[in-house]
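Peer 1: First, the structure itself, so that you have it in front of you.
Protein chains: 2
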Amino acid sequence: MKPITFLFLALSFAPLSAQAQTGAPAAPAPDVAAILPLCAGCHGVDGISSEGLYPNLAGQKDAYLIKQLEDFKQRRRTDPVMNSMAEPLDAALIKALASYYASRPAQP
Amino acid sequence: MKPITFLFLALSFAPLSAQAQTGAPAAPAPDVAAILPLCAGCHGVDGISSEGLYPNLAGQKDAYLIKQLEDFKQRRRTDPVMNSMAEPLDAALIKALASYYASRPAQP
Chain A
462 MKPITFLFLA LSFAPLSAQA QTGAPAAPAP DVAAILPLCA GCHGVDGISS EGLYPNLAGQ
522 KDAYLIKQLE DFKQRRRTDP VMNSMAEPLD AALIKALASY YASRPAQP
Chain B
462 MKPITFLFLA LSFAPLSAQA QTGAPAAPAP DVAAILPLCA GCHGVDGISS EGLYPNLAGQ
522 KDAYLIKQLE DFKQRRRTDP VMNSMAEPLD AALIKALASY YASRPAQP
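Chains as they are written, first to last, in our numbering: chain A, 462 to 569; chain B, 462 to 569.
Following this line, the structure appears as structure tokens:
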């Protein structure tokens, strides 16, 4: 196959390929922004808590935050507020929330 | 009372006052240094963990850390490693450990 023929075929299939990738309905982006104000009540807007009994979340380990939210959701870790907060979160939202806080600067 | 008389009396009672303050046997300083290497195995020497599932402790809230250590000790929060680690800690040592990690810089 001549290079020009290959290029033509490749370009011809490119839209199909893109369509195949996006053909299945994309998972909705987790609506972290809608949840964050609830978290901020105790953990601060950027994950720096203003209350000694509530932990800072900013800069915390991603995997640790995921595990804690899952543990709160499944009530393997018990806290009246956090059990209720975590219960409706699905895996994608837990992952997105953990990622958000892990990425915040740990120093205020 | 003349100022000079007051000064004389104040100086006369100063040693008694100091003795009264130190008369009772002082509580032994908690041996935080002996415990820290055990914590460092998972949480890093200065409280910055190198493993995603173990939380950073540096710069974390003092009161939160105290509560977690007490919860691990009383098994209100369960984790096989932390339950064993916290079990022998008394209140003074828990307080000293929490204070140590709370005072570490949160950014590595």
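Virtual Cβ for every residue (Gly too), placed ideally from N, Cα, C.
Residues in the same chain with beta-carbon distance under 7 Å from Asp-540 (chain B), minus the five sequence neighbours each way, listed in chain order, please.
Peer 2: Numbered from its first residue, the second sequence carries residue 540 (chain B) at position 79. Only Phe-533 meet the Cβ criterion.
Peer 1: Under 9 Å, Cβ to Cβ, is there at least one residue of chain B near Asn-571 (chain A)?
Peer 2: Since the first residue shown for chain A is 462 and the last is 569, residue 571 (chain A) is missing from the structure and cannot be characterised.
Peer 1: Can the beta-carbon of Ala-524 (chain B) be found closer than 9 Å to that of Ala-559 (chain B)?
Peer 2: Position 63 of the second sequence holds residue 524 (chain B). Position 98 of the second sequence holds residue 559 (chain B). Yes.
Peer 1: Under a Cβ-count criterion, where at least 16 other Cβ atoms within 10 Å of its own Cβ denotes burial, should Leu-526 (chain B) be classed as buried or exposed?
Peer 2: Against the second sequence, residue 526 (chain B) aligns to sequence position 65. Looking at its Cβ environment, which holds 16 or more other Cβ atoms inside 10 Å, Leu-526 (chain B) is buried.
Peer 1: With a 10 Å radius around its C-beta and 16 neighbouring C-beta atoms as the bar for buried, classify Leu-499 (chain B) as buried or exposed.
Peer 2: Reading the second sequence from its first residue, position 38 is the one you call residue 499 (chain B). Exposed, by the Cβ-count rule.
Peer 1: Looking at the unbroken alpha helix (DSSP H) that takes in Lys-534 (chain A), where does it start and where does it end?
Peer 2: Here the question's residue 534 (chain A) lines up with position 73 in the first sequence. Run containing Lys-534 (chain A): 523 to 534, per the alpha helix (DSSP H) assignment.
Peer 1: Run through chain B and tell me which residues come within less than 9 Å of Pro-516 (chain A), C-beta to C-beta.
Peer 2: For the purposes of this step, residue 516 (chain A) is identified with residue 55 of the first sequence, where counting begins at 1. Here the neighbours are Pro-516, Gln-521, Lys-522, Tyr-525, Leu-526 and Gln-529.
Peer 1: Give the range of the alpha helix (DSSP H) segment to which Val-542 (chain B) is assigned.
Peer 2: Numbered from 1 along the second sequence, position 81 holds the residue referred to as residue 542 (chain B). 541 to 547 is the span of the alpha helix (DSSP H), which, as asked, contains Val-542 (chain B).
Peer 1: Whole-angstrom Cβ separation of Leu-514 (chain B) and Lys-556 (chain A), contact assumed at under 8 Å?
Peer 2: Position 53 of the second sequence, counted from the start, is the residue given in the question as residue 514 (chain B). Position 95 of the first sequence, counted from the start, is the residue given in the question as residue 556 (chain A). With a Cβ gap of about 15 Å, Leu-514 (chain B) and Lys-556 (chain A) do not count as contacting.
Peer 1: What residues from chain A crowd round Gly-502 (chain B), counting only those whose CB sits closer than 7 Å?
Peer 2: Locating residue 502 (chain B) in the second sequence gives position 41, counting from the first residue. What Gly-502 (chain B) touches in chain A: nothing, since even the nearest Cβ is about 16 Å away.
Peer 1: Is Thr-539 (chain A) close to the ligand ADP? I mean its beta-carbon at under 8 Å from any heavy atom of the ligand.
Peer 2: Inclusion of the ligand ADP in the displayed structure is not the case, the ligand content being empty and no account of it being possible.
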